[in-house]
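Counting along the sequence shown from 1, when you hit position 11 you're at 1397 in this note's numbering, and nothing is skipped either side. We put the CB at the ideal spot given by N, CA and C, even for glycine. What you are looking at is a predicted structure, and each value in this text was computed from that prediction instead of being measured. Presented below is the structure to which this report refers.
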Amino acid sequence: MNPKRYIIPVFIPNEGCKHTCVFCNQHRISGARYIPSTDNIHIAAGSLKSVDCPAEIAFYGGSFTAIPEEQQDEYLLAAQPFLAQNPLYSIRISTRPDCIDEATIDRLVRYGVKTIELGAQSMCDDVLAMSRRGHTSEDIVRAAEMIKSAELSLILQMMTGLPGDTFEKSLYTARRFIEIKPDGVRVYPTVVVCDTELYKMWRSGLYREHTVEDAIELCAQICAMFLEADIQIIRLGLNPTEALSSGTAVAGAYHPAFGELVYSKIYYNKAAALLRDVPEGSSVTITVPKGRISMMVGQKRENIRKLTKEFTLASIKVVEKDSAHIALKYGKNMLSDSIEIALHKVYN
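This is how it looks when you write it as structure tokens:
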């Protein structure tokens, strides 16, 4: 398990970004409607009592390195008293691949920035162009190389279901991400938000929505790839907000529990692979890591019902152990001749 980390988010919606992506309305997505002041940063940082574990002030929302340098300096200077409290404290910023250069990275490092998140979204140039991203896949590679060369932590953000995207193109993007070897990824299936160009495209029939069901199926495969490559998955799906849940998200792959649904699908796929060799009529016990029973069982026990029917089993029981493995045990009476199979990779 990853060590606990405290995040102090500071949202800077739309600030600095010179492009209007078809899917973007940061005010509605993040729920932040005002540009923060340096006083807001002091207050936010002061709300965290000293803790002996990593903590970050994270500048999210807009493209941080695209805002005027003087404004960047003001925000970063406001964070310095926070950094002085503990050597484990640092700063994280989110920005665009085309807003990174060597001089910018040097300046960020001097201010204590340790993590840079790049809104890459896709490694397919046609998808980037149709989404009006304003950068290319080569910009992503170039920026990632500079960030890693500076020994900063690199997080790549990916979107599925963008205009022009396909199942295969998203898998290609995931493979390219793995080649870059980031420290972590965020995966955001496309959501149609009010007051965006994508909303107009959807209303006029020029864009077919990326459904929750399609996104779960796709992201389960993508996330399995990242897990196999030992790349941390920081987030799946947009962070639920009152605005999104109450109607701002008009179509697309928005679900407040999207991450849980994807991991549940991953567990289902892995269990199904193991159950192929189990004799019909068997009673089965699946062992999962501690705290992962709900992921294996699925919402309203859907995974259990589907697996029992698909493989004609007498019953399926899910238990947890203080272990990092998922395993399967089966037998006609579960008292003798039972077999346990451990998966080759950990999902926890």
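Query: Less than 6 angstroms between C-beta atoms, sequence neighbours within five positions excluded: which residues of the same chain meet that for K1651?; Result: I1602 and A1606
Query: Over what stretch of residues does the beta strand (DSSP E) that includes Y1574 continue unbroken?; Result: G1570 to P1575
Query: Just verifying my parser: in three-state terms, what is the DSSP assignment at Y1497?; Result: coil
Query: Going by Cα to Cα distance, which pick from C1510, L1699, T1698 and S1535 is closest to S1523?; Result: C1510
Query: Helix, strand or coil for I1526, going by three-state DSSP, please let me know.; Result: helix
Query: Based on Cα-Cα distance, which residue from A1560, S1632 and R1621 lies nearest to Y1649?; Result: R1621
Query: Within 10 angstroms of the Cβ of V1664, are there 16 or more other Cβ atoms? Answer buried if so, exposed if not.; Result: buried
Query: Do P1440 and L1462 have their C-beta atoms within less than 8 angstroms of each other?; Result: no
Query: Please state if the CB of I1491 and the CB of A1465 are separated by a distance shorter than 8 angstroms.; Result: no
Query: Output needed for K1500: all residues of its chain with C-beta closer than 8 angstroms, excluding positions within five of it in sequence on either side, in chain order.; Result: E1442, S1476, I1477, R1478, L1538 and S1539
Query: Can we say the region 1565–1575 touches the region 1617–1635, given the rule of at least three CB pairs closer than 8 angstroms?; Result: yes
Query: DSSP state of Y1585, grouped into three classes?; Result: helix
Query: From E1531 to T1694, what distance separates their C-alpha atoms?; Result: 47 angstroms
Query: Give the straight-line distance between the Cα atoms of D1525 and T1481, rounded to the nearest whole angstrom.; Result: 12 angstroms
Query: Going along the chain, which unbroken runs of the beta strand (DSSP E) with 3 or more residues stay wholly within the region 1636–1661?; Result: none
Query: My assumption, with CB atoms under 8 angstroms, is that D1581 sits in contact with N1411. Please give the rounded CB distance.; Result: 5 angstroms
Query: Where do the ends of the alpha helix (DSSP H) carrying G1432 lie?; Result: T1424 to G1432
Query: Inspect the beta-carbon positions of G1667 and A1643 and report whether they are closer than 8 angstroms.; Result: no
Query: Along the chain, where does the alpha helix (DSSP H) that runs through Y1593 open and close?; Result: Counting along the chain, Y1593 falls outside any alpha helix (DSSP H), and DSSP gives it neither H nor E.
Query: By the 10 Å Cβ neighbour count, where 16 or more other Cβ atoms means buried, how is L1630 classified, buried or exposed?; Result: buried
Query: I1502: which of D1551, Q1458, T1451 and L1548 sits nearest, CA to CA?; Result: T1451
Query: Specify the secondary structure class of R1391 as computed by DSSP and reduced to three states.; Result: coil
Query: Once the 5 residues before and after H1405 are set aside, which same chain residues still bring their CB inside 7 angstroms of it?; Result: R1518, R1519 and G1520
Query: As a quick exercise: from I1702, A1615, Y1654 and G1684, pick the residue whose alpha carbon is nearest that of A1560.; Result: A1615
Query: Mind checking which residues open and close the alpha helix (DSSP H) that includes K1703?; Result: Note, K1703: premise wrong, no alpha helix (DSSP H); beta strand (DSSP E) at S1701 to K1707.
Query: Opposite T1546 in the DSSP bridges: which residues?; Result: P1575
Query: Please list the terminal residues of the continuous alpha helix (DSSP H) segment that includes I1564.; Result: F1553 to I1566
Query: Relative to the alpha-carbon of S1556, which residue among S1535, R1589, E1595 and V1513 has its alpha-carbon at the smallest distance?; Result: V1513
Query: Give me the Cβ distance between Y1446 and V1396, rounded to the nearest whole Å; I'm assuming they're in contact under 8 angstroms.; Result: 7 angstroms
Query: Sort out for me which residues DSSP pairs S1478 with in a bridge.; Result: Checking the sequence, you will find Arg at residue 1478 rather than Ser. Partner(s): A1444 and T1501.
Query: Under 8 angstroms between the Cβ atoms of P1626 and Y1593?; Result: no
Query: For P1665, name the three-state secondary structure that DSSP assigns.; Result: coil
Query: Look at the Cβ atom of C1595, then the Cβ atom of G1645, and state whether they are nearer than 8 angstroms.; Result: Note that residue 1595 is Glu in the sequence shown here, rather than Cys. Cβ distance not < 8 angstroms, so E1595 and G1645 don't count as in contact.
Query: Counting C-beta neighbours from all protein chains within 10 Å, is the total for I1429 16 or more, i.e. buried, or is it exposed?; Result: exposed
Query: Would you mind sorting I1398 into buried or exposed? The rule is 16 or more other CB atoms within 10 Å of its CB.; Result: buried
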